[in-house]
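A.B. asks: A single structure is presented below for examination.
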Amino acid sequence: MREIMRVNMSDLSIKTEPLPAGWARYGGRVLTSAIIFTEVPADADPLGADNKLVFAPGLLGGTNTPNGGRLSVGAKSPLTGGLKESNSGGQAAHAFGKMGLAAVIVEGKPADSSAAYMLVIEADKSARLERVDAWKGMGNYAVAEAIKAIRPADDHFSTITNGPAGEMGLKASGIAVSDMKGYPNRFAGRGGLGAVMGSKGLKAIVVSDKGLKNVEHADKEAFQAAMKVFANALTSHPVSGQGLPTYGTNVLANIINEAGGYPTRNFSDGRFEGVEGISGEKQREVTLERGGNVKHGCHTGCVIQCSRYWFDKDGHYKTKGPEYESAWSLGADCGISDMDVVAELDYTCGDLGLDTIEMGATLAVYMDSGAIAFGDGDAALATLKETVTGSELGRAIGDGAEATGVKYGVAHIPVVKHQALPAYDPRPIQGIGVTYATSTQGADHTAGYAITANVLAVGGTVDPLKSEGQAALSQGLQIATGMLDAMGFCIFVAFPVLDIPEAFGAIADMVSAHTGETWDADALMAIGKEALTYERLFNQHAGFTAADDRLPAFFKEVPLPPHNAVFTVTDAELDSVFDFVPETAAGLGIS
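For what it's worth, the numbering used here labels the leading residue of the sequence shown as 15, then goes sequentially.
Listed below in structure tokens is the structure:
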């Protein structure tokens, strides 16, 4: 029996309860979104006692499912003002899954606003809150070391930590999750959920899986057969089996740059002349020179192995990746072409607890104001560190690209629903523009990764420079992504799933064998629709309208070199993306 653990920060009580029968099919994103929709008022203050912070492994979390160990974190977002699901790798999801926890809900708010707490969840599901006031203001790496120091004989635990940015309530703050080596370098980065964690007075969560075994399947033999098909699809596809393992996520840098959709210097160009210095190929070359391992998984059970560590010139660990999005945001978008500089910025974001996408976009907007120069890594680092000083500048930077752009009078602010756009310009890659505009999450590439058909010819092809077919492409991908997030899958399984029919069938077979119930393609996609419906309705209750499903005007008006493209998908096409919501909502009995 899967359970929910409730941690009440108002009275410091902890209790467990059965997962409601109506949510038995739910895990990950669909569960976090259902909980927030049901239990959090749409008009709640994101940093108030009425908001809740929910951690949930996918339905397959805690099993031996390949690439099935992602963690969903949900709340009302301080940044977007809507329902947020932020997704992270790391070990915590599997630990929750193994102990039978479908979700941990952190609610209420401490009476003593100066208090800092650590939630400890042992393998037997006993849990306690401990005061850790001395850790206030500490970075994520120092907190991780402090936890190791008080558990010296135990290496079977994961950490979820909150940096000083989250403690200060900054809207660009995220939540760190430890990887297989204990580094706090996996992130639920987007949407300011670190600020929600900070508002709860929660500095850290320790999750032990000592002595726990993987969750059993209803039909082990059938699961193993389906798992073999799925794993073979992952390793045989050219993207998930070759490109990502060889060069990491940053394999995309040269590809997107060549396509003319690599946002440079605050989305003013589609190609960056310094891309070679921050490319995946360069990362691999330097990592090998410095004695590093060029591939590993971000959680147990990963067969794609796209994760990386960056080592400094003396061969010491510096940071993860940097991943494609981080290398772009802290690199090309800021006019910086030195990967060591990018890595220093990436580490600083990680330690302070700041979303690298939002921070890179924010620094680029600040550079566009003329306050500091594009390409000035030292000034970028100093500005980044300013975020936790409490200064007027630091507060603006820490609250993200929109807050910074408005304060400093920048004309082009690349945000949707107050959240910064990621590493693909929507003018020459129109499908991703539809996702940015319409996603319930704000501008988010992972919500519906149209790069597949627009650039990589995965799952078919849709001309990236034309509007035709983009709305349908994004809609299908957003629904499928909702399903993958609910199961706990890494987004990169989408490559073989879109190209290899047996891979999608294997997901249905694995879920069926695990749960003992029959799942087919329609049942899987229904879960994706339900996740999006909870989110869409919550956002509408919070005041979102069709006007919020639009890109900033400059994407339609200012041509982007080298294609001199503008975004041409019509408002009517954008408004069609969520046409399934009324029927899905009726089936759920919600409105």
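Ideal Cβ positions, reconstructed from N, Cα and C, are used throughout, including at glycine.
According to the Cβ coordinates, are A522 and D534 closer than 8 Å?
C.D. replies: For this step, residue 522 is matched to residue 508 along the sequence shown. For this step, residue 534 is matched to residue 520 along the sequence shown. Yes, they are a contact pair.
A.B. asks: Considering only the beta carbon of each residue, do G103 and V191 sit closer than 8 Å?
C.D. replies: Working through the sequence shown from its first residue, we reach residue 103 at position 89. Working through the sequence shown from its first residue, we reach residue 191 at position 177. In this structure, V191 lies closer than 8 Å to G103 by Cβ.
A.B. asks: Given that a residue counts as buried once 16 or more other Cβ atoms are within 10 Å of its Cβ, and exposed if not, what is I119?
C.D. replies: Numbered from its first residue, the sequence shown carries residue 119 at position 105. Looking at its Cβ environment, which holds 16 or more other Cβ atoms inside 10 Å, I119 is buried.
A.B. asks: Using the three-state DSSP reduction, which class does K195 fall into: helix, strand or coil?
C.D. replies: In the sequence shown, residue 195 corresponds to position 181, counting from 1. Reduced to three states, the DSSP call for K195 is coil.
A.B. asks: Whole beta strand (DSSP E) runs in the stretch 41 to 89 with 3 or more residues, listed along the chain?
C.D. replies: DSSP runs (the beta strand (DSSP E)) wholly in the stretch 41 to 89: 67 to 71.
A.B. asks: Specify, as a first and last residue, the run of the beta strand (DSSP E) that P32 falls within.
C.D. replies: Within the sequence shown, numbered from 1, the residue matching residue 32 stands at position 18. Looking at the DSSP string, the run of the beta strand (DSSP E) that includes P32 is S27 to P32.
A.B. asks: Whole angstroms is fine: what's the gap from G311's alpha carbon to A63's?
C.D. replies: Position 297 of the sequence shown, counting from 1, holds the residue named residue 311. Position 49 of the sequence shown, counting from 1, holds the residue named residue 63. Each residue's alpha carbon lies about 37 Å from the other.
A.B. asks: At the level of alpha carbons, what is the spacing between H2 and P510?
C.D. replies: The requested residue 2 is not part of the displayed model; the chain covers only 15 to 605.
A.B. asks: Expressed to the nearest angstrom, what Euclidean distance is found between the alpha-carbon atoms of F558 and A239?
C.D. replies: For the purposes of this step, residue 558 is taken as the residue at position 544 of the sequence shown. For the purposes of this step, residue 239 is taken as the residue at position 225 of the sequence shown. Their backbone Cα atoms lie some 45 Å apart in a straight line.
A.B. asks: Would DSSP call F325 helix, strand or coil?
C.D. replies: The residue given as residue 325 occupies position 311 in the sequence shown. The answer is strand: DSSP assigns F325 an E or B state.
A.B. asks: Have a look at E17, D25, M373 and P55 and flag the residue whose alpha-carbon is nearest the alpha-carbon of A556.
C.D. replies: Numbered from its first residue, the sequence shown carries residue 556 at position 542. Of the listed residues, the one whose Cα sits closest to A556 is P55.
A.B. asks: When the distance is taken between beta carbons, is K543 closer than 8 Å to I505?
C.D. replies: Taking the first residue of the sequence shown as position 1, residue 505 is located at position 491. Taking the first residue of the sequence shown as position 1, residue 543 is located at position 529. No.
A.B. asks: Beta carbon of H432, beta carbon of I446: below 8 Å?
C.D. replies: The residue labelled residue 432 in the question sits at position 418 within the sequence shown. The residue labelled residue 446 in the question sits at position 432 within the sequence shown. In this structure, I446 does not lie closer than 8 Å to H432 by Cβ.
A.B. asks: Could you check which residue in A179, F237 and Y155 has the C-alpha nearest to that of T173?
C.D. replies: Translated into the one-based positions of the sequence shown, residue 173 becomes position 159. Nearest option by C-alpha distance: Y155.
A.B. asks: Suppose the cutoff is 8 Å on Cβ atoms and the five residues either side in sequence are ignored; what does the same chain contact list for F581 look like?
C.D. replies: Here residue 581 corresponds to residue number 567 of the sequence shown, with the count starting at 1. Excluding sequence neighbours, F581 sits near P440, R441, Q444, G447, L565, F569 and K570.
A.B. asks: Quick one: residues in its chain with C-beta nearer than 7 Å to the C-beta of T418, no 5 flanking neighbours on either side, listed in chain order?
C.D. replies: Looking up residue 418 in the sequence shown gives position 404. Cβ within range, chain order: T376, V379, Y380, A410 and I411.
A.B. asks: Use the C-beta contact count for T466: other C-beta atoms within 10 angstroms, 16 or more gives buried, fewer gives exposed.
C.D. replies: For the purposes of this step, residue 466 is taken as the residue at position 452 of the sequence shown. Buried: at least 16 other Cβ atoms inside 10 Å.
A.B. asks: My assumption, with CB atoms under 8 Å, is that I371 sits in contact with N81. Please give the rounded CB distance.
C.D. replies: Taking the sequence shown and counting its residues from 1, the one referred to as residue 371 is at position 357. Taking the sequence shown and counting its residues from 1, the one referred to as residue 81 is at position 67. Going by Cβ atoms, the distance from I371 to N81 rounds to 22 Å, so no, they are not a contact pair.
A.B. asks: Are V469 and A273 closer than 8 Å when you measure CB to CB?
C.D. replies: In the sequence shown, residue 469 corresponds to position 455, counting from 1. In the sequence shown, residue 273 corresponds to position 259, counting from 1. Cβ distance < 8 Å, so V469 and A273 count as in contact.
A.B. asks: Would the beta-carbon of V221 fall within 8 Å of that of A393?
C.D. replies: For this step, residue 221 is matched to residue 207 along the sequence shown. For this step, residue 393 is matched to residue 379 along the sequence shown. No.
A.B. asks: The beta strand (DSSP E) with V118 in it runs from where to where?
C.D. replies: In the sequence shown, counting from the first residue as 1, residue 118 sits at position 104. Looking at the DSSP string, the run of the beta strand (DSSP E) that includes V118 is L115 to E121.
A.B. asks: Is K162 near the ligand MG, with its Cβ less than 7 Å from a heavy atom?
C.D. replies: No copy of the ligand MG appears in this structure; indeed no ligand is present at all.
A.B. asks: Hey, out of P32, M211 and A586, whose CA is closest to K66's CA?
C.D. replies: Walking along the sequence shown from the start, residue 66 turns up at place 52. The shortest Cα separation from K66 among P32, M211 and A586 belongs to M211.
A.B. asks: On the DSSP bridge assignment, give the partners of T175 in chain order.
C.D. replies: Position 161 of the sequence shown, counted from the first residue, corresponds to residue 175. Paired residues: A190 and A218.
A.B. asks: On the three-state DSSP scale, how would you describe E295?
C.D. replies: Taking the sequence shown and counting its residues from 1, the one referred to as residue 295 is at position 281. Residue state, collapsed to three classes: helix.
A.B. asks: Please report the straight-line C-alpha distance between L73 and G294, rounded to a whole angstrom.
C.D. replies: As a working mapping, residue 73 is identified with position 59 in the sequence shown. As a working mapping, residue 294 is identified with position 280 in the sequence shown. Approximately 32 Å, taken between the alpha carbons.
A.B. asks: Once you ignore the five residues that flank T452 on each side, which residues in its own chain have a CB closer than 6 Å to its CB?
C.D. replies: Within the sequence shown, numbered from 1, the residue matching residue 452 stands at position 438. Answer for T452: D563, L588 and V591, listed in chain order.
A.B. asks: How big is the Cα-Cα spacing for Q297 and D57?
C.D. replies: Numbered from 1 along the sequence shown, position 283 holds the residue referred to as residue 297. Numbered from 1 along the sequence shown, position 43 holds the residue referred to as residue 57. Computed Cα separation, rounded: 45 Å.
A.B. asks: Where does A232 land, buried or exposed, given buried means 16+ other C-beta within 10 angstroms?
C.D. replies: As a first step, residue 232 must be located in the sequence shown, where it is residue number 218. Exposed, by the Cβ-count rule.
A.B. asks: Look at the alpha carbon of A561 and the alpha carbon of G205, and state the distance between them as a whole number of angstroms.
C.D. replies: Reading the sequence shown from its first residue, position 547 is the one you call residue 561. Reading the sequence shown from its first residue, position 191 is the one you call residue 205. Cα to Cα, the separation comes out at about 20 Å.
A.B. asks: Helix or strand or just coil, what does DSSP make of I135?
C.D. replies: For this step, residue 135 is matched to residue 121 along the sequence shown. Here I135 sits in strand by DSSP.
A.B. asks: Closest to D369 by CA distance: which of V355, G391, S254 and L344 is it?
C.D. replies: For this step, residue 369 is matched to residue 355 along the sequence shown. For the residues V355, G391, S254 and L344, the minimum Cα distance to D369 belongs to L344.
A.B. asks: Does DSSP put R200 in a helix, in a strand, or in coil?
C.D. replies: Locating residue 200 in the sequence shown gives position 186, counting from the first residue. Three-state result, R200: strand.
A.B. asks: Figure out for me which residue from A218, E159 and D413 has the closest Cα to the Cα of D147.
C.D. replies: Position 133 of the sequence shown, counting from 1, holds the residue named residue 147. The shortest Cα separation from D147 among A218, E159 and D413 belongs to A218.
A.B. asks: Thinking just about the alpha-carbon of each residue, which of V87, Y450 and I604 is nearest to the one in A70?
C.D. replies: Counted from its first residue, the sequence shown places residue 70 at position 56. Checked all of V87, Y450 and I604; the closest Cα to A70 is V87.
A.B. asks: In its own chain, which residues sit with a C-beta less than 6 Å from the C-beta of F388, not counting the 5 before and 5 after it?
C.D. replies: Position 374 of the sequence shown, counted from the first residue, corresponds to residue 388. Excluding positions up to five away in sequence, the list reads R279, G349 and M381.
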